[in-house]
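K.L.:
Supplied in structure tokens, the structure appears directly below.
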Amino acid sequence: MPELPEVEVTRRALAPYVERRRVESVVVREPRLRWPVPPQLPMLITGQTVAGLHRRGKYLLWTFRNGTLISHLGMSGAWRVWPQRHRVPLPGTHDHVDLIVESACIRLTDPRRFGALLWHDAGAGDVNAHPLLVNLGIEPFDARFTGEWLYRSTRKRAASIKQVLLAGDVVVGVGNIYASESLFRARINPKRAAQRLGQVRCEALAVAVREVLAEAIAVGGSTLRDFVSADGKDGYFMLDARVYGRAGLPCRVCATPIVRVLQGQRATYYCRLCQRR
DNA sequence: AAGGTAACCTGACTGC
DNA sequence: TGCAGTCAGGTTACCT
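Dropping the structure here:
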């Protein structure tokens with residue numbers, strides 16, 4: 003479910019409740035996520051203060067003096083905030099972890115359990131050297147993410163531009179929805195080999211990726227108030243899609259029916275006319 | 001080095 | 001109402 007915008011909106015919603023606050027207790031009801039939640043996690047962070055809540059790609063990084071809690075929401079994960087720890091609903095089937103942080107309860111829900119909660123000890127060095135983070139591409143809002151940079155980093159990539167966007171080793175945070183949406187905005191055919199994009203198209207794509215993600219964050223940011231204490235997936239949102247999920251419906255620009263194709267076992271949506279090349 | 005595929009897991013939805 | 005089949009916002013491990 004969550005791509006970069008959803009993770010960033012989550013970060014902004016949680017930050018006021020966790021930054022510079024002390025973890026009072028940790029409850030792990032179900033450790034079987036993508037990898038087991040480390041059994042020693044409660045011991046490691048109970049009594050410790052969250053120095054900062056950061057995002058790298060789709061990962062949330064909880065910084066402590068003694069290490070970093072790395073969290074990923076997978077396909078179906080969500081963190082929810084219950085501001086009053088004594089007024090938290092009974093945990094449901096998929097409420098796997100609670101972090102009691104001073105007055106609030108921060109609860110991780112993840113039906114499919116593709117998410118992850120891992121610990122990186124400060125003694126092991128910079129968290130960015132962690133195997134899950136070390137090969138990540140550039141942040142889309144980093145000033146160095148430009149058309150020029152996109153052009154240079156795709157010269158040896160024979161795969162389609164859609165799949166290169168999804169791979170996350172060039173630019174992070176673009177998931178299946180926003181890959182289709184960005185390519186539509188840049189008027190680029192998703193099947194085009196990345197290495198065959200010229201500088202002009204790379205520039206258009208860099209701009210489109212940044213705009214699409216920024217708009218999605220803005221839309222989600224407007225739901226921040228509901229996010230805290232929201233139940234279910236009410237805290238989530240989606241940018242009004244131009245192509246994603248609109249197979250057979252008319253293109254909003256030219257009315258040609260949007261098509262759905264498979265690329266690497268994932269659905270891609272695009273307009274054959276607007277995105278000819 | 002880069003690319004393709006299976007695998008992890010549950011729930012929602014469709015069609016018979 | 002039930003059952004089988006399909007699909008879902010992610011990513012790694014493994015094999016070419």
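Each residue of the first sequence is one higher than the one before, starting from 3 at the first, in the working numbering. The C-beta atom is built at its ideal place from N, Cα and C for all residues, glycine as well. Note that the structure is a prediction, hence the values are computed from the model and not measured.
Among the candidates S105, P38, V30, S155, whose CA atom is the shortest distance from the CA of R198?
P.N.:
S155
K.L.:
Among I102, V261, N130, which residue has its Cα nearest to the Cα of Q277?
P.N.:
V261
K.L.:
Give the secondary structure of T12 by DSSP, where H, G and I count as helix, E and B as strand, and everything else as coil.
P.N.:
DSSP, read as helix, strand or coil, puts T12 in helix.
K.L.:
Looking only at its own chain, which residues have a Cβ that is under 7 Å from the Cβ of G234, when we skip the five neighbours before and after it?
P.N.:
Per-residue confidence for G234 stands at a pLDDT of 42, beneath the threshold of 50, marking its modelled position as unreliable; the derived number appears in the next sentence. Within the same chain, G234 has no close Cβ partners at all.
K.L.:
Can you say whether G79 is buried or exposed, counting buried as having 16 or more other CB atoms within 10 angstroms of its CB?
P.N.:
buried
K.L.:
Closest by CA to D144, which one among P40, E32, G59, G250?
P.N.:
G59
K.L.:
Does the ligand SAM have even one heavy atom less than 6 Å from the beta-carbon of K193?
P.N.:
The model depicted lacks the ligand SAM and carries no ligand whatsoever.
K.L.:
Skipping 5 residues on each side, what residues in its chain have a beta carbon closer than 6 Å to that of V255?
P.N.:
For V255, where only same-chain residues beyond five positions count, the Cβ hits under 6 Å are C276.
K.L.:
Measure from the alpha carbon of W121 to the alpha carbon of each residue in P133, N137, P192, then state which is nearest.
P.N.:
P133
K.L.:
Quick check on this structure: which residue in I179, L135, L6, L215 has the alpha carbon closest to the alpha carbon of L71?
P.N.:
L135
K.L.:
In the DSSP assignment, find the beta strand (DSSP E) that holds I108 and state where it starts and stops.
P.N.:
106–111
K.L.:
Quick check on the DSSP output: the alpha helix (DSSP H) that includes Y246 runs from which residue to which?
P.N.:
Per DSSP, Y246 belongs to no alpha helix (DSSP H) and is neither H nor E.
K.L.:
Measure how close the beta-carbons of L62 and R13 come, nearest whole angstrom, since I'm counting them as under 8 Å.
P.N.:
6 Å
K.L.:
Between L6 and F116, what straight-line distance do the alpha-carbon atoms span, to the nearest angstrom?
P.N.:
A direct Cα-to-Cα measurement between L6 and F116 gives close to 16 Å.
K.L.:
Could you check whether the segment 23–43 touches the segment 88–101, counting it as contact only if at least three pairs of C-beta atoms, one from each stretch, sit closer than 8 Å?
P.N.:
yes
K.L.:
Could you name the residues that DSSP lists as bridge partners for H74?
P.N.:
Y61, A118
K.L.:
Name the residue from P33, L55, W37, L35 whose alpha carbon lies nearest to the alpha carbon of L16.
P.N.:
L55
K.L.:
For L138, which of V173, S105, T111, G125 has the nearest alpha-carbon?
P.N.:
V173
K.L.:
Taking its Cβ as the centre, do 16 or more other Cβ atoms sit within 10 Å of S105, making it buried, or is it exposed?
P.N.:
exposed
K.L.:
Specify, as a first and last residue, the run of the beta strand (DSSP E) that A269 falls within.
P.N.:
268–272
K.L.:
Tell me which residues share the same chain as A161 and place their Cβ nearer than 8 Å to its Cβ, disregarding the 5 neighbours each side in the sequence.
P.N.:
A169, A195, A196
K.L.:
A243 to P113, Cα distance in whole Å?
P.N.:
Roughly 25 Å between the two C-alpha positions.
K.L.:
If you follow the alpha helix (DSSP H) that A216 is part of, which residue opens it and which one closes it?
P.N.:
First-last of the alpha helix (DSSP H) with A216: 201–223.
K.L.:
Would R159 pass as a contact of V166 if the rule is Cβ separation under 7 Å?
P.N.:
A contact, by the Cβ cut-off of 7 Å.
K.L.:
Enumerate in chain order the residues of its own chain whose CB-to-CB distance from S184 is below 6 Å, with the five nearest sequence positions on each side excluded.
P.N.:
A210, V211, V214
K.L.:
Taking Cβ positions, are G222 and V11 nearer each other than 7 Å?
P.N.:
yes
K.L.:
By DSSP, does L135 sit in helix, in strand, or in coil?
P.N.:
coil
K.L.:
Just reading off the alpha helix (DSSP H) that W81 is part of, what are its end residues?
P.N.:
W81 -> not in any alpha helix (DSSP H); beta strand (DSSP E) instead, spanning 80–84.
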